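Here's the structure, in structure tokens; my notes come after.
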Amino acid sequence: MKRLLFIMALVFLLFPLKVEATWYCDYKDLAELKAIATNIKYIYDYRIESDKALFTITLTNIYKEFYVYDVKNNKYYYPDQNKDISEITIDGYQSGISYNFVIYTTREKCEEETVYSFYVTLPTYNKYYLDPLCEGYENYSLCQKWNNLGNMSYEEFKDDMQAYIDSLKEQEEAKEEDDFSIYWLLEFYLKYYMYILPSLIGILLVTIYVISKKDDIKF
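For the sequence shown, the residue numbers in the working numbering are 36 to 254.
Listed below in structure tokens is the structure:
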């Protein structure tokens with residue numbers, strides 16, 4: 036038995052088997068693919084249907100050895116194999132949601148690798164932004180086209196907008212009262228300044244005299 040094991044070991048030493056690691060993606064290949072994938076960009080457009088925004092996402096600079104996996108919708112998308120670089124346009128995305136896209140490759144030995152991953156976050160559409168209550172208040176948060184109002188009902192929107200409008204009116208009225216008071220005082224002074232000014236000068240002189248006398252006493 037020992038002799039048999041010795042012979043087998045000798046055979047392995049004299050005729051070593053060449054083993055190729057064919058099950059993994061070469062580091063250089065993966066690095067190259069990742070560098071190419073970072074050039075992938077996206078743009079989106081939208082349309083309004085029944086007070087909802089639906090988006091179209093276009094992925095550009097898709098290399099022909101890549102394909103795209105939409106994680107949320109569990110769908111795969113493939114570029115035009117007749118072109119080295121192409122784009123993929125996908126429709127039906129909803130506002131206010133962040134979509135994760137993962138890039139895979141068809142290159143041999145690298146099929147199981149995640150080459151690149153990125154998110155496309157779509158803005159939240161505010162269906163109340165064209166309401167008549169927003170006229171003149173377009174810059175207010177409740178009236179901006181893209182703003183997340185949560186589950187705010189229309190009644191809540193109207194109440195909040197009316198409260199905001201009323202608060203602005205109160206501020207304007209208070210400002211007008213302050214402006215009127217300042218204007219009234221100025222007008223009063225201009226009308227009677229020949230009496231007021233000498234009195235103020237007299238009071239100032241008396242004050243200076245009293246302060247100087249106190250300083251003399253202390254000295």
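Ideal Cβ placement from N, Cα and C applies to all residues, glycine included. Predicted, not measured: the structure shown is a model, and the values here were computed from it.
- Indicate whether T149 and F101 have their beta-carbon atoms separated by less than 8 angstroms. Taking the first residue of the sequence shown as 1, we reach residue 149 at position 114. Taking the first residue of the sequence shown as 1, we reach residue 101 at position 66. Contact flag unset, no.
- Message: Only counting the same chain, and skipping five residues up and downstream in sequence, which positions put a Cβ closer than 6 angstroms to that of Y163?
- Response: Against the sequence shown, residue 163 aligns to sequence position 128. Taken in chain order, the residues that qualify are F192.
- Selection from F90, V137, K144 that minimises the alpha carbon distance to T124: By one-based count along the sequence shown, residue 124 stands at place 89. Out of F90, V137, K144, F90 has the C-alpha closest to the C-alpha of T124.
- Task: Provide the residue(s) that pair with D126 in DSSP beta bridges, ordered along the chain.
- Result: In the sequence shown, counting from the first residue as 1, residue 126 sits at position 91. T91, per the DSSP bridge assignment.
- Item | Spatial neighbours of R82 in its chain, beta-carbon cut-off 7 angstroms, leaving aside the 5 residues before and after | For this step, residue 82 is matched to residue 47 along the sequence shown. Correct list, in chain order: L89.
- Item | Those residues which DSSP pairs with N135 across a bridge | Taking the first residue of the sequence shown as position 1, residue 135 is located at position 100. Partner(s): Y154.
- Query: Looking at the structure shown, is E84 part of a helix, part of a strand, or coil, going by DSSP?
  - Reply: The count along the sequence shown starts at 1 and reaches residue 84 at position 49. If DSSP states are grouped into helix, strand and coil, E84 belongs with the strands.
- How is K110 classed by DSSP in three states: helix, strand or coil? In the sequence shown, residue 110 corresponds to position 75, counting from 1. Strand, per DSSP.
- Which one of Y128, C60, D119 has the shortest CA to CA distance from K107? The sequence position of residue 107 within the sequence shown is 72, counting from 1. The residue with the shortest Cα to Cα distance from K107 is Y128.
- Task: Please list, in chain order, all residues of the same chain as D115 whose beta carbon is under 8 angstroms from its beta carbon, the five residues on each side excluded.
- Result: Locating residue 115 in the sequence shown gives position 80, counting from the first residue. Hits under 8 angstroms: K99, S121.
- Task: Check the C-beta distance from L239 over to M196 and give it rounded, since I have them as a contact under 8 angstroms.
- Result: Translated into positions along the sequence shown, residue 239 becomes position 204. Translated into positions along the sequence shown, residue 196 becomes position 161. Rounded, the Cβ-Cβ distance is 53 angstroms, inconsistent with contact.
- Query: Going along the chain, which residues of its own chain have a beta-carbon closer than 6 angstroms to the beta-carbon of W181, five neighbours each way excluded?
  - Reply: Taking the first residue of the sequence shown as position 1, residue 181 is located at position 146. Same-chain partners within the cutoff: P158.
- Message: So for D104, helix, strand or coil by DSSP?
- Response: On the sequence shown, residue 104 is found 69 positions in, with the first residue counted as 1. The amino acid occupying residue 104 in the given sequence is Tyr; Asp does not appear at that position. Residue state, collapsed to three classes: strand.
- Item | Where S121 falls: helix, strand or coil (DSSP) | For the purposes of this step, residue 121 is taken as residue 86 along the sequence shown, with counting starting at 1. In the structure shown, S121 sits in a strand (DSSP, three-state: E or B).
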